[in-house]
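These protein sequence lines are chains A and B, in that order.
Heads up: the first sequence at position 172 corresponds to 172 in my numbering, and the numbers run straight through without jumps.
Count along the second sequence from 1, then add 212; that gives the number in my numbering.
Note that CB positions come from ideal geometry on N, CA and C, so glycine has one too.
A quick write-up on the structure given underneath.
2 protein chains.
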Amino acid sequence: MSSAPKPVTRRRAHTRQRLLDAAREVFAREGFGRSTVEQVCEAAGFTRGAFYSNFTSLDELFLEMWAQESAAMLSRLQDVAAVDAPKVSDVRSAVKRVLEALPVDTEWFQITAEFTAHAVRTPGLAQVMARREEAIQEALFPVIDRLLEQIGRKVTNRVALGRSLVAAYDGTLTQLAVEPGSRSALRHRVDLFTLLVESYSEPATRRRKFLL
Amino acid sequence: MSSAPKPVTRRRAHTRQRLLDAAREVFAREGFGRSTVEQVCEAAGFTRGAFYSNFTSLDELFLEMWAQESAAMLSRLQDVAAVDAPKVSDVRSAVKRVLEALPVDTEWFQITAEFTAHAVRTPGLAQVMARREEAIQEALFPVIDRLLEQIGRKVTNRVALGRSLVAAYDGTLTQLAVEPGSRSALRHRVDLFTLLVESYSEPATRRRKFLL
DNA sequence: GGCTGTCGATACACCGGTGTATCGAACAGT
DNA sequence: ACTGTTCGATACACCGGTGTATCGACAGCC
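Here it is, written out as structure tokens:
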């Protein structure tokens, strides 16, 4: 169920990937709900025969696409705190770096938003989603730890921080998507993240602040 | 463009409303993208003739539906800070009261999420959406002011607070939708809102705290 | 380089939604 | 109660997507 058992030959693998890429474009342009197998095939330069030989439905294709994108996002995230990456000196710049690694991809926002809605109403898919969120948070923690360590802070409440960041990420992405190119929206996003990180972390070695 | 110029007779008003109610149900069940005019009409017990006599497209219907829902939400919100409503004594309980007035409506979340995605890719619709968001924030401010006044605080940065709250609202709603019935998710939501309100407000008459 | 089985193109029959034009019935105004 | 108007049902022509069954071609393997 999780990964694809299909690709047997090299030819097939190529076709699959082209279909996946094309689907991403079509979903972004038309919306998942309004997308058709036909459109995807046309965009990929194949016929419907090729599609049905690779997937049984658009849903199935969607899941594979989703898995690929999530993986890519995670790896970008991890690069931010890689050993050879430049160091950061304060919370704000750390936040900036992370957010820049996760570009405001309106296209992807649209797809995700729709898929989330779709998943919520499809029993089983919601669980897949929840697991993914979890996995992202899991992968996020080491990155945050490493960055905070560089500026001499440590996390006080992992769970709360993780949830807050994901919520803030989703929420602000929606705002950015609705008012594209808004400079102030971008700035505010950084503000919000900075506030969250500062609230749920404290100076590492020094004595603690007495309030909060 | 904003409100409906259509309903002339009583009959028409009834039909419109039944179509709207039916549409909400269909959108929730099928997803906005996969919904058809036909399905909506069937659910409402009308034929497509009735639909096209009332709306020119599903988009148009949705906007009216959204307007209604927003209005209902605003009025619930305003009741919270009504003159005869019980007073609050601290930020946390104020937040709780507000959030309880805005029930977690997964159905509505799905519809909104999908339509937002749709709106983003439809020039014009995005603007309408953005305006609505703005209006909600506008209406939110007096409520917040009143509640904060009851506990002796005042807002320091309206814009930032407004944006943050909306973002947090969207973001946490997504989480709640994905993991329905999660107690900790609900609690965390209160935490997050409390943090935001406290960060963007200060004690009103007393001397200021020296940090932040 | 030849054989074999996989893969994708082609063709077919079908379904369901679209939007419009027309007509009769219910309704409001007086 | 009468009458003109409005509203929604019906019918029509059309389009575009669906999924399957079949066939030819090419890739993979020796």
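**Asked** Leaving out five residues before and five after B:Arg343 in sequence, what residues of the same chain have Cβ atoms less than 7 Å from its Cβ?
**Response** none
**Message:** I'd like the list of long-range same chain contacts for B:Arg370, defined as Cβ closer than 7 Å, with 5 residues on each side in sequence excluded.
**Reply:** Phe353
**Request:** Let me know the secondary structure DSSP gives A:Arg153 once reduced to three states.
**Result:** strand
**Message:** Taking the alpha-carbon of A:Phe109 as reference, which of A:Gly31, A:Arg16, A:His188 has the nearest alpha-carbon?
**Reply:** A:Gly31
**Request:** Alpha carbon to alpha carbon, how far is B:Asp302 from B:Ser413? Give it in angstroms, no decimals.
**Result:** 12 Å
**Prompt:** Mind checking if A:Gln110 is an interface residue toward chain B, Cβ cutoff 8 Å exclusive?
**Reply:** yes
**Request:** Check whether the segment 396 to 415 of chain B touches the segment 136 to 155 of chain A, counting contact only when three or more Cβ pairs, one atom from each stretch, lie closer than 8 Å.
**Result:** no
**Request:** May I have the straight-line CA-CA distance separating B:Gln290 from A:Thr56, to the nearest angstrom?
**Result:** 50 Å
**Item:** Residue nearest to A:Phe115 in terms of C-alpha spacing, selected from A:Ala167, A:Gly33, A:Glu42
**Value:** A:Gly33
**Message:** Between the alpha carbons of B:Ala283 and B:Glu272, how many angstroms are there, rounded?
**Reply:** 17 Å
**Request:** Leaving out five residues on either side along the sequence, give the residues of the same chain with a beta carbon under 8 Å from the beta carbon of A:Ile151.
**Result:** Val88, Ser89, Asp90, Val91, Ala94
**Asked** Around the Cβ of A:Tyr169, are there at least 16 other Cβ atoms within 10 angstroms (buried) or fewer (exposed)?
**Response** buried
**Beta-carbon separation (whole angstroms), A:Glu38 vs A:Arg48, contact threshold 8 Å** = 6 Å
**Request:** Would you mind telling me which residues of chain B sit closer than 8 Å to A:Met129, beta carbon to beta carbon, in chain order?
**Result:** Val390
**8 Å Cβ cutoff, B:Val402 in contact with chain A** = no
**Message:** For a test of the three-state rule: what should DSSP assign to B:Ser247, helix, strand or coil?
**Reply:** coil
**Asked** Can you tell me whether A:Glu184 is buried or exposed, with buried defined as 16 or more other CB within 10 angstroms of its CB?
**Response** Looking at the sequence itself, residue 184 of chain A is Ser, so the reference to Glu does not match. Exposed is the call here.
**Request:** Hey, could you find the ends of the alpha helix (DSSP H) B:Ser282 is sitting in?
**Result:** 270 to 292
**Prompt:** By the criterion of Cβ-Cβ separation under 8 Å, what are the contact partners of B:Tyr381 in chain A?
**Reply:** Gly171
**Message:** Counting only beta-carbon separations shorter than 8 Å, does A:Arg121 have a partner in chain B?
**Reply:** yes
**Asked** Which whole-angstrom value is the C-beta distance of A:Val120 and B:Thr324, which I expect to be below 8 Å?
**Response** About 12 Å; that fails the 8 Å criterion.
**Request:** Give me the Cα-Cα distance between A:Gly162 and B:Leu311, rounded to the nearest whole angstrom.
**Result:** 21 Å
**Message:** For A:Val26 and B:Ala351, I'd like the C-alpha separation in whole angstroms.
**Reply:** 38 Å
**Prompt:** Do you know how far the Cα of A:Gly171 is from the Cα of B:Met277?
**Reply:** 22 Å
**Item:** Cβ of A:Ser164 within 8 Å of any chain B Cβ
**Value:** yes
**Alpha-carbon to alpha-carbon, A:Leu19 and A:Arg189** = 35 Å
**Message:** Using 8 Å as the threshold, is the C-beta distance between A:Val166 and B:Gln387 below it?
**Reply:** yes
**Partner residues on chain A for B:Leu407, Cβ-Cβ distance less than 7 Å** = Ser199
**Interface flag, A:Ala113 vs chain B, CB-CB below 8 Å** = yes
**Message:** Less than 8 Å between C-beta atoms, sequence neighbours within five positions excluded: which residues of the same chain meet that for A:Leu186?
**Reply:** Val104, Leu176
**Bounding residues of the alpha helix (DSSP H) (the contiguous stretch that carries A:Glu179)** = Unbroken run through A:Glu179: none, as it is neither H nor E.
**Message:** Give me, in chain order, the residues of the same chain whose beta-carbon lies closer than 7 Å to that of B:Glu281; leave out the 5 immediate sequence neighbours on both sides.
**Reply:** Trp320
**Asked** Listing by chain order, which chain A residues have their CB less than 7 Å from the CB of B:Phe159?
**Response** Lying before the first or after the last residue shown, residue 159 of chain B is absent from chain B, which here runs from 213 to 424.
**Prompt:** What first and last residue would you give for the beta strand (DSSP E) that runs through B:Ser413?
**Reply:** 413 to 415
**Request:** Alpha carbon to alpha carbon, how far is A:Arg97 from A:Pro86? Give it in angstroms, no decimals.
**Result:** 10 Å
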